[in-house]
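Since the structure comes first, as structure tokens, the remarks are kept for the end.
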């Protein structure tokens, strides 16, 4: 994939090297120390301190977080910057991810009216999002509450080694899939899914979840179609890399590898065959109107 030298997105929040999972702008602000001292030694302050300590003991939360929030210091938690030095390979993957995100912006701004560009959050270890805390083990994910995609770049190495799905276009597929979830948020599909939660059985909700994920795969394919037409940056074998990645993360294959058995009622993302099918359909057609997985008779 000939991606070097292309435009890189500015919609990136690089949190690598931060402990606590928050953003650089969140957490307890040291500038609040002076005002806090004045409050703490007042009569009202003693009451506040008692309440904060009680809550901290029960929840196990750093009391500075509560005090920082009380003083307007943000809600991301107590975050510190560590002496983290990324490897050259990690920086290359960061540049690659920013380049792919930039191209999804170019494509979807043309395809959709009033497209809202999401933010890509790069992290390592753990991260705080509007959807809660998450660790690297969660894998890449999209949080509709803050319209951000979250990726620990080590996942790409895991794809190569554990999932046997190497290649830059396989990695591009992962990013485009998460952007697909952002498009579903814009189109109201995500909100419809949220309304179903608690109204249908777990088995039925899993079936809707599969359709949601397959549609995101389709949208990733639509992106790849338009991207190739405008940039021509795909090389021989790139499409196979994406299809191999889709195959590697099918529910049936992952369940078979982890437990030796397959439980279709518990599927939430679709089988390997389904994931490859819908990505390929998006790539072949490039037509966003042909991705109605919810109305499809045969997934």
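Numbering (UniProt numbering), first residue to last: 1 to 299.
Cβ coordinates follow ideal geometry from the N, Cα and C atoms, glycine included.
If you follow the alpha helix (DSSP H) that residue i is in, where does it begin and where does it stop?
i           : result
residue 360 : The displayed coordinates of the chain run from 1 to 299. Any statement about residue 360 would go beyond what the structure contains.
residue 190 : 189 to 196
residue 158 : 154 to 161
residue 255 : 251 to 259
residue 248 : 238 to 248
Following the continuous beta strand (DSSP E) through residue i, name the residue where it begins and the one where it ends.
i           : result
residue 133 : 132 to 135
residue 112 : Neither: residue 112 is in no beta strand (DSSP E) and is coded neither H nor E.
Who are residue i's beta bridge partners in DSSP?
i           : result
residue 127 : 134
residue 149 : 120 and 142
residue 12  : 120
DSSP on residue i, reduced to helix/strand/coil?
i           : result
residue 87  : coil
residue 269 : coil
residue 296 : coil
residue 262 : coil
residue 276 : helix
residue 7   : coil
residue 170 : helix
residue 281 : helix
residue 199 : coil
residue 37  : Per-residue confidence for residue 37 stands at a pLDDT of 48, beneath the threshold of 50, marking its modelled position as unreliable; the derived number appears in the next sentence. Residue 37: helix per DSSP, three-state reduction.
residue 98  : helix
residue 176 : helix
residue 106 : helix
residue 185 : helix
Nearest-angstrom Cα distance between residue i and residue j?
i           : j           : result
residue 290 : residue 276 : 15 Å
residue 6   : residue 193 : 36 Å
residue 143 : residue 135 : 14 Å
residue 168 : residue 108 : 21 Å
residue 297 : residue 92  : 42 Å
residue 4   : residue 232 : 13 Å
residue 97  : residue 295 : 32 Å
residue 163 : residue 270 : 16 Å
residue 155 : residue 161 : 10 Å
residue 111 : residue 87  : 36 Å
residue 129 : residue 260 : 34 Å
Under 8 Å, do residue i and residue j count as touching if we go by C-beta distance?
i           : j           : result
residue 139 : residue 226 : no
residue 217 : residue 177 : yes
residue 118 : residue 157 : no
residue 282 : residue 222 : yes
residue 122 : residue 11  : no
residue 248 : residue 173 : no
residue 184 : residue 215 : yes
residue 17  : residue 84  : yes
residue 105 : residue 9   : yes
residue 165 : residue 224 : no
residue 211 : residue 293 : yes
residue 94  : residue 170 : no
residue 205 : residue 195 : no
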